[in-house]
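Worksheet: the structure to be examined is printed underneath.
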Amino acid sequence: MIALVASFFSLFVGPLVYQTFGPLRRTDKIVNGFIIVMVSCTILFEIIPDTYAKIGIFSIMICALGFFGPTLIEKTFRQAADTTHKLTILLGIAGLLVHAALDGIAIQTGTNLAQTSGLSLAIVLHRLPVGLTIWWILKPLLGERYALLTLFFMGLTTLIGFAGSQHIMMFKQSNILSIMQSLIAGSLLHVVIHKPHSD
């Protein structure tokens, strides 16, 4: 239970630090670079290999669709560019919520296997940049209130994953989830690279 509580509050550490030091231009550039590298590495070395093992080359194709699709729509229908970008961001956030549920499952699994310390610590630490990424993307677009609300829902989704781990694990084995993960991974990468600015 301690790990579950820690995983919730760790989401807010990154935004707190960023709000403290973010106004500095140099700090902002460092954070921007860090988030792009972190998200890219997560997609390339964690999500894509996992989905590739289940649906093969389609995982790469679907990820590419998620990345290039919004750009093509924005260029083809310039008037709809803003709406397309916002929908892409929402899709990326939906993917992070799914990932939060999987974190809850992992915490429950670690508890059942009596391996809580190492696994839970890894989950808590990796949620620090996740919280920072959400804040970095949503605050300029929607404001602090909705960014904080999204972080709260991520924590709630983790709790749902923890409580309903057995039922969610059955869904996790399906190809539908792998397709969704691939599409959302590409969308999230698109969002991070084409981050909305406050101006």
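So the sequence shown is residues 1301 to 1499, counted in my numbering.
In this text, a Cβ means the ideal position worked out from N, Cα and C, and glycines have one as well.
Hey, out of the options, whose CA is closest to residue i's CA?
i, options, result
"Gly1404", "Thr1458, Leu1488, Val1424 and Val1313", "Thr1458"
"Val1331", "Thr1433, His1490 and Leu1488", "Thr1433"
"Ala1306", "Leu1442, Leu1396, Leu1456 and Met1480", "Leu1456"
"Phe1309", "Phe1452, Leu1441 and Ile1484", "Phe1452"
"Gln1319", "Ser1340, Ala1406 and Lys1439", "Lys1439"
At which residues does the alpha helix (DSSP H) containing residue i begin and terminate?
i, result
"Leu1344", "Premise fails: Leu1344 is in no alpha helix (DSSP H) and is neither H nor E."
"Met1480", "Asn1475 to Ile1493"
"Leu1316", "Val1313 to Phe1321"
"Met1454", "Glu1444 to Ala1463"
"Ser1310", "From DSSP, Ser1310 is part of no alpha helix (DSSP H); its letter is neither H nor E."
To the nearest angstrom, report how far apart residue i and residue j are at their CA atoms.
i, j, result
"Ala1400", "Phe1358", "24 Å"
"Gln1415", "Phe1345", "In this prediction, Gln1415 scores a pLDDT of 49, lower than 50, which makes its location untrustworthy; the coordinate-derived value is nonetheless stated afterwards. Between Gln1415 and Phe1345, the C-alpha separation is close to 24 Å."
"Pro1349", "Val1430", "20 Å"
"Ile1302", "Leu1372", "45 Å"
"Leu1428", "Gly1356", "31 Å"
"Ala1447", "Phe1312", "10 Å"
"Gly1443", "Gln1408", "33 Å"
"Gly1366", "Trp1435", "21 Å"
"Ala1364", "Met1338", "18 Å"
"Ser1498", "Val1491", "Confidence is the limiting factor: at Ser1498 the pLDDT is only 43, short of 50, which leaves the residue's position unreliable, though a coordinate-based value still follows. Distance between the alpha carbons of Ser1498 and Val1491 is about 14 Å."
"Leu1316", "Gly1369", "33 Å"
"Gly1395", "Thr1351", "14 Å"
"Gly1314", "Val1424", "12 Å"
"Leu1441", "Ile1493", "15 Å"
"Asn1475", "Ala1485", "15 Å"
"Gly1270", "Ala1406", "Residue coverage of the chain in this structure runs from 1301 to 1499, which leaves residue 1270 outside it and unanswerable."
"Leu1488", "Leu1391", "8 Å"
Which whole-angstrom value is the C-beta distance of residue i and residue j, which I expect to be below 8 Å?
i, j, result
"Lys1354", "Ser1478", "4 Å"
"Ile1437", "Ile1389", "6 Å"
"Ile1393", "Thr1342", "At roughly 15 Å, the Cβ-Cβ gap does not stay under 8 Å, so Ile1393 and Thr1342 are not in contact."
"Leu1397", "Met1454", "6 Å"
"Gln1481", "Ile1336", "Contact doesn't hold; Cβ gap of about 20 Å is too wide."
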